[in-house]
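Per our numbering, residue 255 is the first one in the sequence shown, and the count goes up by one each step.
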Amino acid sequence: TVTARVPVHASGPYKVPNYRAITRAIHTNLVPAGAFRGFGVPQTAIAQEQVYDQLAEKLSMDPLEFRILNALEVDSPTVTGQVLGEGVGMRACFEALRPKWLAARADATRFNAQSKGPMRRGVGLAGMWYGCGNTSLPNPSTVRVGLKPDGRIALHQGAVDIGQGSNTIVTQICADAMQVPINRFDLVSGDTAVTPDCGKTSASRQTFVTGKAAAMAGVKLRQEILKLAKASESEILELGNGNVRVQGGRCETVSLNGFPLDQFGYVVTAEATFDPPTSPLDENGQGVPYAVFGFGAHMAELAVDMDLGTVQVLKITAAHDVGRAINPTLVEGQIEGGVAQGLGQALMEEFFPGKGENLHDYLIPSAGDIPPVESILIEDPSPIGPFGAKGIGEQAVIPTAPAILNAIYDATGVRIRRVPATPDRIRAAILAARAEGSNGA
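Okay, here's the thing in structure tokens:
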């Protein structure tokens with residue numbers, strides 16, 4: 255649940271030795287709230303990352319250097335007492351932003367010094383972490399693969415592709431594990447009658463969990479095929495045209511026509527299940543809620559019209575530790591989509607319960623609203639994920655809004671505590687700050 259995930263993540267990806275977080279689920283008479291990308295973590299990041307900027311300012315420290323100093327590392331315990339071990343790329347994400355951060359801040363300072371109009375530029379950043387999978391609960395995936403009589407591979411996996419690319423990724427992982435080309439695969443997906451359960455498409459878990467099961471099943475099927483061909487592990491497999499061809503120390507072709515088929519209609523079948531190793535949280539919130547975390551950091555460059563309160567986001571730079579980028583194009587697509595949703599959260603999207611408004615009046619970003627997005631892929635492999643991979647689905651939305659809000663402060667000198675940061679709210683905050691300054695004088 256959101257109430258379980260939020261207190262784990264509300265510390266941010268930082269070393270916080272003194273920490274207390276309490277969440278309460280409250281029943282109201284308003285419209286029920288459902289799950290949304292990030293599952294409560296984007297909201298906590300808005301508060302926590304602004305607090306970190308304020309702490310850095312109190313210490314007269316650069317916000318980036320402050321975060322690097324406090325970022326989680328390999329041997330750092332989290333607020334649940336979990337020691338993450340290998341695959342903690344948080345500091346690397348911040349380091350990747352450093353040259354762009356310094357250049358962008360210098361550009362903003364130069365622009366503001368020369369500007370004679372109402373436009374002011376600002377630069378902000380935010381970090382994030384996100385546990386892949388359910389919080390301290392089992393969430394296994396099972397994948398089945400079979401060698402068809404025609405020499406092709408049938409991959410049965412129940413992960414539902416809602417546009418994030420799991421059909422491609424899971425097949426690609428299995429193909430790599432079997433050491434055969436991906437074009438030899440026939441995908442059987444999303445049919446409960448013929449596919450094993452791969453759990454829900456949520457929690458940034460399909461690449462990590464179902465992908466791992468696919469890798470394990472692929473290795474097992476490869477071993478079965480090699481056994482069928484009486485070949486060693488070092489042999490190269492070629493499949494197709496009703497044959498298995500092995501090459502290496504020897505070259506031999508085995509026809510599949512004479513072999514009996516199993517209960518699934520395949521010459522040989524392999525199945526594997528993977529459930530991430532976690533443990534329940536105790537009454538003090540201590541335990542291992544997630545086997546793997548994804549890490550990332552975003553930098554926002556923007557301009558604010560001090561007279562109108564309008565914001566133009568000029569660029570988002572997003573550095574993410576994805577463990578291993580199985581398919582870099584799909585990873586970048588996920589990052590760009592997350593940035594778009596985070597921008598909507600920061601500047602546009604707002605629901606007014608009880609007013610009877612419909613979706614016609616609900617603003618979301620259009621293509622014209624999305625700034626250039628530069629993705630930086632950090633690969634700090636997870637020892638658990640398939641080929642070191644982690645999830646990326648929800649990670650990209652989390653630091654976008656807080657980075658934008660920190661950039662608004664950098665440009666205007668006012669903090670926006672409520673999203674979306676609409677022009678009227680920004681303008682009101684600017685006027686309030688000016689009035690307070692006048693009264694103080």
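Yeah, the Cβ is synthetic: ideal placement off N, Cα and C, and Gly gets one too.
Since we're looking at a predicted model, the values are computed, not measured.
Boundaries of the beta strand (DSSP E) around residue 566: 565-575. Between the alpha carbons of residue 363 and residue 315 lies a distance of about 17 Å. A direct Cα-Cα distance of roughly 17 Å separates residue 589 from residue 385. Excluding five sequence positions before and after residue 638, the CB atoms of its chain that fall closer than 6 Å to its own CB belong to 545, 546, given in chain order.
Shortest Cα-Cα distance from residue 307 to any of 675, 656, 674 involves 656. Contact between residue 563 and residue 678 holds, since their C-beta atoms are separated by about 6 Å, short of 8 Å. In the structure shown, the three-state DSSP call for residue 684 is helix. By alpha-carbon distance to residue 491, the top candidate from 430, 441, 455, 539 is 430. By the criterion of a C-beta distance shorter than 6 Å, residue 506 is surrounded in its chain by 500, once the five residues flanking it on both sides are discounted. Residue 301 places its beta carbon 9 Å or farther from that of residue 397. Within the same chain, 554, 600 come within 6 Å of residue 658 by CB-CB distance, once the 5 residues on both sides are set aside. Take residue 473, set aside five residues on each side of it, and the residues of its chain with a beta-carbon closer than 6 Å to its own are 431, in chain order.
C-alpha of residue 351 to C-alpha of residue 514: approximately 58 Å in a straight line. Looking at the backbone, the Cα of residue 409 and that of residue 394 are separated by about 17 Å. Assignment of beta strand (DSSP E) within the stretch 577-662, counting only whole runs of 3 or more residues, yields 627-632 in chain order. In this structure, residue 548 lies near residue 649, with their beta-carbon atoms less than 9 Å apart.
DSSP, reduced to helix, strand and coil, places residue 420 within a helical segment of the structure shown.
Going by DSSP, residue 307 is part of no beta strand (DSSP E) but of the alpha helix (DSSP H) stretching over 295-312.
Going by beta carbons, residue 338 and residue 332 fall inside the 9 Å limit. Taking 9 Å as the cut-off, the Cβ atoms of residue 653 and residue 405 do not count as close.
Judged by beta-carbon spacing, residue 418 lies beyond the 9 Å limit of residue 446, meaning their Cβ atoms are not closer than that value.
If you draw a straight line from the Cα of residue 522 to the Cα of residue 488, it is about 20 Å long. The three-state reading of DSSP puts residue 678 in helix, counting H, G and I together. Annotation: residue 376 to residue 347 spans about 21 Å, alpha carbon to alpha carbon.
Taking C-beta separations shorter than 6 Å and ignoring five residues to either side along the sequence, the partners of residue 630 in its chain run 350, 573, following chain order. Counting other Cβ atoms within 10 Å of its Cβ, residue 460 reaches 16 or more and is therefore classed as buried. Inclusion of residue 372 and residue 536 in the CB contact set at 9 Å is not warranted, their separation being larger than that value. Residue environment analysis places residue 516 among the exposed positions, since fewer than 16 neighbouring C-beta atoms fall within 10 angstroms of its C-beta.
Distance from the CA atom of residue 665 to the CA atom of residue 680, rounded to whole angstroms, is 11 Å. DSSP places residue 492 in the strand class (E or B) of the three-state scheme. Distance check between residue 660 and each of 415, 287, 258, 299 places 299 closest, using alpha-carbon atoms only. The beta-carbon distance between residue 524 and residue 508, rounded to whole angstroms, is 18 Å. This is too long to meet the 8 Å contact definition. Its Cα nearest to that of residue 328, the residue 267 stands out among 279, 267, 672. Taking 9 Å as the cut-off, the beta carbon of residue 358 is found closer than this to the beta carbon of residue 569. For residue 427, the three-state secondary structure derived from DSSP is helix.
Within the model, the alpha-carbon separation for residue 383 versus residue 640 is close to 19 Å.
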